[in-house]
Amino acid sequence: MKKIFILITGCAIINFATVKSCYAQNMKVKIYKMDRENYTKGECIGFVELREGKLEIKVTDPEVREFIIQESNKEFRTFRGQQKGNIFVENEVTIKPGSVEHLRLILEECWKKYRIIAEEISE
């Protein structure tokens, strides 16, 4: 009986840790320009940090900095799919500023426009 309880408790702790990390409120990212000759990380141009819903931008490239500031005030709309039986339903989801998912979408847009590489830094 004790072995089963420990097994169930252990799974609950692991699942709780996974869920907690998915909904983390803080994130720090180091930003690099891409070396277009070698297709590798180039020089570091700064940091972007999300702490408790507020974005702190320390980027030396003024064009990238302005783009991040503009995008940080916008909401992103996306679709998420879900299967219910034999039917696939799409729901429109609004991603609000101040979330980790929102910051990841901003960095994805930066990649598309400026070819910057973002590297998450663990604290």
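Under the numbering used here, the first residue of the sequence shown is numbered 147, with each subsequent residue one higher. Positions of the beta carbon are idealized from the N, C-alpha and C atoms, including for glycine.
DSSP three-state assignment for residue i, whether helix, strand or coil
i, result
"Gln216", "helix"
"Arg226", "strand"
"Glu236", "strand"
"Glu221", "coil"
"Ser268", "coil"
Neighbourhood of residue i by C-beta, 8 angstroms cutoff - its chain only, sequence neighbours within 5 removed
i, result
"Val239", "Arg223, Thr224, Phe225, Arg226"
"Lys220", "Pro243"
"Cys168", "Unreliable placement is indicated for Cys168, whose pLDDT of 48 sits below 50; no coordinate value is reported for it."
Identity of the residues DSSP links to residue i by a beta bridge
i, result
"Arg197", "Lys200"
"Cys256", "Beta-bridge pairing links Cys256 to no other residue."
"Lys179", "Ile262"
"Thr186", "Asp181"
"Gly192", "Ile177, Val205"
Any chain D beta carbon closer than 8 angstroms to residue i
i, result
"Leu251", "Considering every chain present, this structure includes no chain D. It has just one protein chain."
Classification of residue i by the beta-carbon crowding that lies within 10 angstroms, buried from 16 upward
i, result
"Ile177", "buried"
"Ile214", "buried"
"Val205", "buried"
"Glu217", "buried"
"Ile262", "buried"
Spatial neighbours of residue i in its chain, beta-carbon cut-off 6 angstroms, leaving aside the 5 residues before and after
i, result
"Val194", "Val175, Ile203"
"Val235", "Gln228"
"Arg282", "What the structure shows of the chain is the stretch from 147 to 269, and residue 282 is not part of that stretch, so it cannot be assessed."
Rounded C-alpha distance that separates residue i from residue j
i, j, result
"Arg211", "Gln229", "39 angstroms"
"Ser245", "Lys187", "26 angstroms"
"Ile191", "Asn237", "37 angstroms"
"Ile267", "Arg250", "13 angstroms"
"Ile252", "Asn232", "34 angstroms"
Spatial neighbours of residue i in its chain, beta-carbon cut-off 7 angstroms, leaving aside the 5 residues before and after
i, result
"Asp207", "Ile191"
"His248", "Phe222, Ile241, Lys242"
"Glu255", "Glu217"
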